[in-house]
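Q:
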Amino acid sequence: MGYVGLPLACEFARTGIQVVGIDVDQAKIEGIQRGRSHVQDVPDAQLRALVESQALRATRDFSSLADCDAVVICVPTPLRKTRDPDISYIVSAVDEIARFLHRGMLVVLESTTYPGTTEEVILPKLQSTGLRVGQDFFLAFSPERVDPSNPRFNTRNTPKILGGVTSDCARVAQALYEQAIETVIPVSSTRTAEMVKLLENTFRSVNIGLVNEVALMCDRLGLDVWEVIDAAATKPFGFMRFYPGPGLGGHCIPIDPHYLSWKLKSLNYTARFIELASEINGQMPHYVVSKVVDALNEQGKSVRGARLLVLGVAYKKDVGDVRESPALDVLKLLADRGADIRYSDPYAPEIAIDGGLRYRSVPLEREELERADLAIIITDHSVFDYAFIVSHSRCVLDTRNATRAVRAGRDKVVRL
Ligand SMILES: NC(=O)c1ccc[n+]([C@@H]2O[C@H](COP(=O)([O-])OP(=O)(O)OC[C@H]3O[C@@H](n4cnc5c(N)ncnc54)[C@H](O)[C@@H]3O)[C@@H](O)[C@H]2O)c1
37 MGYVGLPLAC EFARTGIQVV GIDVDQAKIE GIQRGRSHVQ DVPDAQLRAL VESQALRATR
97 DFSSLADCDA VVICVPTPLR KTRDPDISYI VSAVDEIARF LHRGMLVVLE STTYPGTTEE
157 VILPKLQSTG LRVGQDFFLA FSPERVDPSN PRFNTRNTPK ILGGVTSDCA RVAQALYEQA
217 IETVIPVSST RTAEMVKLLE NTFRSVNIGL VNEVALMCDR LGLDVWEVID AAATKPFGFM
277 RFYPGPGLGG HCIPIDPHYL SWKLKSLNYT ARFIELASEI NGQMPHYVVS KVVDALNEQG
337 KSVRGARLLV LGVAYKKDVG DVRESPALDV LKLLADRGAD IRYSDPYAPE IAIDGGLRYR
397 SVPLEREELE RADLAIIITD HSVFDYAFIV SHSRCVLDTR NATRAVRAGR DKVVRL
């Protein structure tokens with residue numbers, strides 16, 4: 037019932053399918069039962085209506101699976117400290133499902149994972165019950181593509197890829213998804229479907245890595261990378277616009293490609309683009325810090341003791357999710373250097389960074405800007421008034437080109 041599971045559950049519930057949302061997090065269960073959404077894209081009113089009409093209910097009790105015709109797994113797939121895949125959440129969810137697996141049941145994995153997970157990890161566990169796939173129960177993989185806070189594409193109108201262990205598995209899964217999703221695209225196998233998702237996210241990671249390196253090159257060349265990108269994007273074919281920034285964030289792009297490179301390592305193959313993109317993207321917070329050092333140096337100041345105001349800490353604009361956000365790395369690097377840091381983010385009221393430091397968001401007021409030696413724009417939320425920020429700041433480091441439309445005070449703005 038997280039960022040993926042809750043919107044999907046609501047989408048199914050809206051079609052008239054009776055949905056049970058199972059989660060191990062009691063707080064989320066209680067919130068849902070009270071009609072309080074913890075996911076920005078699911079409004080409270082919509083959730084409340086579904087819960088009140090009993091189309092959706094949430095529980096911690098896995099025995100509800102005994103009455104379900106289909107189960108969709110949307111648990112986390114993070115990395116371990118060693119950057120190896122951590123599929124323990126999938127394993128523990130599947131162990132529970134196996135206890136209640138019954139004839140005719142459809143099981144679909146949506147969590148992003150390496151090619152082979154569905155057939156190598158899930159299938160043996162489910163078949164150990166004595167039931168046969170494609171005959172007694174059905175198993176498929178369908179990657180989640182949701183883009184939180186995207187105003188145009190949501191769960192319903194984002195085309196859905198789907199691969200079954202057998203062709204009947206694919207047909208059964210397609211029959212379910214077509215109730216709630218406008219376009220369902222079957223592929224030949226679960227491995228193909230798993231790989232599709234990893235291609236999509238590796239594509240983003242590599243292209244962001246490329247454009248971040250172009251930003252580093254433009255810096256050396258004394259060129260404006262934003263102007264270069266905008267001009268290149270006038271080409272009507274063969275070019276796709278990506279932007280540089282303070283680094284990669286979110287639960288997907290910095291993590292998913294490592295699932296692929298890990299799997300390839302076991303096949304004695306090095307996924308070079310993935311490793312290189314990860315290296316460049318991972319260095320961007322350090323580059324931001326070098327820009328902070330330079331900007332303070334211009335004022336005759338050191339990082340130690342400088343008062344810094346970080347604007348936006350979420351991993352991308354207009355969301356409150358700070359998972360893997362590069363802002364956390366930037367804050368940690370600056371805190372380690374003795375900076376006096378505050379941050380403002382209307383979507384993320386409180387954050388904790390590695391090492392145990394906690395911060396609370398401050399309101400973005402004139403006095404806060406005036407007292408800072410440097411304002412650092414990390415996340416370009418639409419609600420920020422960039423003219424106001426530039427006009428009341430001593431100096432602004434803009435890592436997103438968020439101040440591009442601001443004319444007055446441009447000389448105070450340093451861009452990536
Ligand atoms: N967030 C996104 O934008 C996004 C987009 C596409 C794909 N994905 C993928 O979808 C998957 C889920 O991501 P998310 O962002 O929704 O994660 P999340 O952390 O928001 O939600 C996962 C939920 O699973 C619950 N959970 C953990 N173990 C469980 C178990 N054994 N049984 C039942 N519930 C359990 C957690 O309590 C949590 O509520 C991941 O594989 C992710 O990579 C996420």
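The opening position of the sequence shown corresponds to residue 37 in this note's numbering, with each subsequent residue numbered one higher.
Just so you know, even glycine gets a beta-carbon here, dropped at the ideal spot from N, CA and C.
Among all the DSSP beta bridges, which residues are the ones paired with Leu92?
A: Val55
Q: Sorry if obvious, but does the Cβ on Gly285 come closer than 7 Å to a heavy atom of ligand 1?
A: no
Q: Is Arg181 near ligand 1, judged by its Cβ being under 7 Å from some heavy atom?
A: yes
Q: Within 10 Å of its beta-carbon, does Ala211 have 16 or more other beta-carbons around it, so buried, or fewer, so exposed?
A: exposed
Q: Where Gln163 and Phe136 are concerned, what is the direct C-alpha to C-alpha distance, given to the nearest angstrom?
A: Distance from the CA of Gln163 to the CA of Phe136, rounded to the nearest whole angstrom, comes to 12 Å.
Q: Compare the C-alpha of Ser43 against each of Ile244, Val442, Asp183 and name the closest.
A: This sequence places Pro at residue 43; Ser is not what is there. Measuring from the Cα of Pro43, the nearest candidate turns out to be Asp183.
Q: Is it right to say Arg227 is buried, meaning 16 or more other beta carbons lie within 10 angstroms of its own, or is it exposed?
A: buried
Q: With three or more C-beta pairs closer than 8 Å as the rule, is the region 254-262 touching the region 228-242?
A: no
Q: Between the region 303-311 and the region 126-135, do three or more beta carbon pairs fall short of 8 Å?
A: no
Q: May I have the straight-line CA-CA distance separating Thr148 from Glu155, to the nearest angstrom?
A: Straight-line Cα distance between these residues: approximately 14 Å.
Q: Suppose you measure from the CA of Thr194 to the CA of Gly57; what does that come to, to the nearest Å?
A: 22 Å
Q: Between Ile387 and Gly200, what straight-line distance do the alpha-carbon atoms span, to the nearest angstrom?
A: 40 Å
Q: I'd like the list of long-range same chain contacts for His428, defined as Cβ closer than 8 Å, with 5 residues on each side in sequence excluded.
A: Short of 8 Å from the beta carbon of His428, and not among the five residues preceding or following it, lie these beta carbons of its own chain, in chain order: Arg402, Leu405, Glu406.
Q: Taking only heavy atoms of ligand 1 into account, decide whether any of them is closer than 7 Å to the Cβ of Ile221.
A: Not one heavy atom of ligand 1 sits closer than 7 Å to the Cβ of Ile221.
Q: Could you pull out every unbroken alpha helix (DSSP H) segment of at least 4 residues lying fully inside the region 277-338, listed in chain order?
A: 292-302, 308-334
Q: Output yes or no for whether 8 Å exceeds the beta carbon distance between Leu92 and Leu86.
A: Leu86 is positioned such that its CB atom lies closer than 8 Å to that of Leu92.
Q: Does the separation of the CB atoms of Val60 and Arg96 fall below 8 Å?
A: yes
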